[in-house]
Amino acid sequence: MKWDDLYTVLAVARGGGLAEAARTLGVAHSTVYRRIAAFESEHGVRIFDRQGGGYALTDAGRELVSVAEQMEALALEAERRIAGRDEALRGEVRVAAPEALGESVCALLPEFQASYPDIVVQLTASADVVDLSKHEADIAIRAMLRPPESLVGRKIADVAFAAYGRRGVSDDAWVIFDESLAHTPQGKWEAKHVPAEKVRARLGSRALFVAALSAGVGVGVLPCALGDQEPGLARVGDVLPELSLPLWLLTHPDLKAVPRVRALMDYLTQRFAEQRELLEATSG
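Numbering (the working numbering), first residue to last: 378 to 661.
Below, the structure is given as C-alpha cells:
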C-alpha cells in the first residue's frame, strides 16, 4: 500500500469531494478520480460512497482514514525532528502572517537579510490559518486570544482596530468583509453593528478593503497600524476595544531551537517590540 494513495484518500475525505482534493494535491480532477478508483479496485474494498456530487466515507473508509492520519502524524513528526537538528544558519524559513501585516513584515526583511544572507524567507500573507504541526509553515504570526498549547512563542502586542474612511466620506456608507471572512472577529463585529442598508461593498481581501476606503466607497474597520499609515484615510470615531486581539509569534516546539528559525523569531520579536505603540494605537 503506497503512501501517495493513502494521502489521496485523506485529501478526498477532508475535502468531501474530488474538486477540493485536486486543489489540495495540485493535480487534475480526473487524476484524483483514477487514483481512488484504482485503489478501490486493487484492494477490493469500497472506500467512498458517491452521494449527490460528494464523496462520503464508508465504514472501511473511516477505518483506513484513521490509520492514514496516524501515519501522517508520524511522518510529520519525523520531518520536524530532522529539521530540528539542522544547525546551519542557512536555508528557508516559511512565515505565515495575517494579510494586514504582510507589508509590515516585508519591510523588515532587508535588514534581516543583510545579517543572514543565506537564510531565505518565504512569506505568505492571508486570512488562512496554517497548521504548524503539519509543517505548513515554520513561524506563524497570529491574532488570537490564546495560542494552542502545542505551540511555543511570544506575545507581540494587543492589536487595535478602528473605523477609517477618506476625509469627508459619510459614515452612512460602509465597506465590510464578504462571506469568506464573516467568521473573523471583524466579520462578526460588522454583522452586529453595521446595518444592511448601510453596506456599499463586501470584500474578501484586506488589500481591496484599503483600496475601497481610499477611493471613498465608504468607511470600514482596519487595524490601526495599517489605517494610521494610509495617506488620505482618517479614523472615524474611537478605537474599538472589543476588536482588540493579542498578536502572537509562534512556532512548533520541534523547531524552536533550529538556528535559522530562532534567528528570525528573535529578530521579529525585537522589531515588533519597536512597533508596539503603532500596533496598539497608543503612540498619540
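Just so it is clear, CB atoms sit at the ideal spot from N, CA and C, and this is done for glycine as well. Just so we're clear, the structure is a prediction, and the values are computed from it rather than from any experiment.
| query | result |
| --- | --- |
| Quick one: Cα of E526 to Cα of L500, how far? | 24 Å |
| For L610 versus G581, is the C-beta distance shorter than 8 Å? | no |
| Between A473 and A517, how many whole angstroms is the CB-CB distance? I'm expecting something under 8 Å. | 5 Å |
| Should L522 be labelled buried (16 or more other beta-carbon atoms within 10 Å of its own) or exposed? | exposed |
| If you draw a straight line from the alpha carbon of A437 to that of E446, how long is it in whole angstroms? | 14 Å |
| Would V594 pass as a contact of A578 if the rule is Cβ separation under 8 Å? | yes |
| Quick one: residues in its chain with C-beta nearer than 7 Å to the C-beta of P562, no 5 flanking neighbours on either side, listed in chain order? | L620, L622 |
| Expressed to the nearest angstrom, what Euclidean distance is found between the alpha-carbon atoms of P572 and M448? | 49 Å |
| Answer yes or no: do R467 and I424 have a C-beta to C-beta separation smaller than 8 Å? | no |
| Given that a residue counts as buried once 16 or more other Cβ atoms are within 10 Å of its Cβ, and exposed if not, what is C601? | buried |
| I need the straight-line Cα distance from A339 to L603, nearest angstrom please. | No statement about residue 339 is possible, as the shown extent of the chain runs from 378 to 661 and does not include it. |
| Which residues bound the alpha helix (DSSP H) around E397? | 395-402 |
| Count the other C-beta atoms from every protein chain shown that fall within 10 angstroms of the C-beta of L451, then say buried if there are 16 or more, exposed otherwise. | exposed |
| For G564, report the span of its alpha helix (DSSP H) as first-last. | 562-570 |
| Count the other CB atoms within 10 Å of the CB of T628; is the residue buried (16 or more) or exposed (fewer)? | buried |
| Let's test the definition: count the other Cβ atoms within 10 Å of the Cβ of E567 and tell me whether it reaches 16, buried, or not, exposed. | buried |
| What does the alpha-carbon distance come out to for the pair V389 and L434? | 9 Å |
| Between which residues of its own chain and G431 is the CB-CB distance below 7 Å, once the five residues before and five after are set aside? | G393, G394 |
| Please look up how many angstroms separate the CB atoms of V506 and D548, rounded, as I've assumed it's under 8 Å. | Contact doesn't hold; Cβ gap of about 31 Å is too wide. |
| Taking the alpha-carbon positions, what's the E574 to E651 distance? | 41 Å |
| Excluding five sequence neighbours on each side, which residues of the same chain lie with their C-beta closer than 8 Å to the C-beta of L387? | V442, A445, E446, E449 |
| Would you identify the three-state DSSP class for V587, choosing helix, strand or coil? | helix |
| Considering only their Cβ atoms, is the gap separating V616 from A537 smaller than 8 Å? | yes |
| On a CA-only basis, which of A540, G403, R648 is nearest L599? Give me that one, please. | A540 |
| Return helix, strand or coil for G421, following the three-state DSSP convention. | coil |
| Could you tell me whether the Cβ atoms of I533 and F416 are closer together than 8 Å? | no |
| Just to confirm before moving on: does the CB-CB distance between A514 and P475 stay below 8 Å? | no |
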